[in-house]
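**Q** Below you'll find the structure I mean.
Residue numbers (the numbering used here): 287 to 433.
Structural data, given as structure tokens:
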């Protein structure tokens with residue numbers, strides 16, 4: 287059975303909803319999720335595939351930053367080697383801001399800087415995720431083909 291390890295940052299529940307929707311749509315896959323504030327750098331090496339998921343925040347620098355918990359997590363993982371690791375990225379954002387969903391860009395950059403391989407275009411969810419389950423499930427089905 288294929289295994290997917292998901293590290294996510296969610297403070298309002300939006301990112302967690304997307305992650306839970308994704309996991310519930312998969313059959314025959316063992317998926318584990320872990321909050322960024324509880325994860326260790328070694329958790330990035332778990333599973334046949336890794337998913338990193340974060341909302342986009344407008345704190346800690348110019349508009350379009352990672353959720354503070356994900357920002358702290360990737361800073362802790364500065365020495366990790368993801369060479370050969372299959373990775374997918376989820377970003378959430380708000381259309382009121384110019385750099386909506388930029389968290390996905392930051393995560394793609396993190397993966398590339400650590401020699402991982404992003405295997406599908408990032409999933410970007412703009413605004414409230416509650417009525418976007420179909421988009422999440424479709425992306426998840428495509429992602430499993432890359433496993």
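The beta-carbon is built from N, C-alpha and C at its ideal position, and this holds for glycine as well.
Evaluate contact between the region 325 to 341 and the region 353 to 360, counting only Cβ atoms and requiring at least three cross-stretch pairs below 8 Å.
**A** The answer is yes - the region 353 to 360 touches the region 325 to 341, with three or more Cβ pairs under 8 Å.
**Q** For the putative contact between residue 304 and residue 378, defined by C-beta atoms under 8 Å, what is the C-beta separation to the nearest angstrom?
**A** That belief holds up - the Cβ atoms of residue 304 and residue 378 are roughly 7 Å apart, short of 8 Å.
**Q** Quick one: which unbroken alpha helix (DSSP H) runs of 4-plus residues sit fully inside the region 294 to 354? Chain order, please.
**A** For the region 294 to 354, whole alpha helix (DSSP H) runs of length 4 or above, ordered along the chain, are 300 to 311.
**Q** Alpha carbon to alpha carbon, what distance is there between residue 365 and residue 309?
**A** Those two C-alpha atoms are separated by around 29 Å.
**Q** So what's residue 423 in DSSP terms, helix, strand or just coil?
**A** In this structure, residue 423 counts as helix in the three-state DSSP scheme.
**Q** Excluding the five sequence neighbours on either side, which residues of its own chain have a C-beta within less than 8 Å of the C-beta of residue 345, listed in chain order?
**A** Once the five neighbours on either side are set aside, the close Cβ partners of residue 345 are 351 and 354.
**Q** So, using beta-carbon positions, are residue 433 and residue 401 closer together than 8 Å?
**A** No, the pair does not count as a contact, with Cβ atoms beyond the cut-off.
**Q** Could you compute how far the alpha carbon of residue 321 sits from the alpha carbon of residue 397?
**A** Using only the alpha carbons, I get a separation of about 18 Å.
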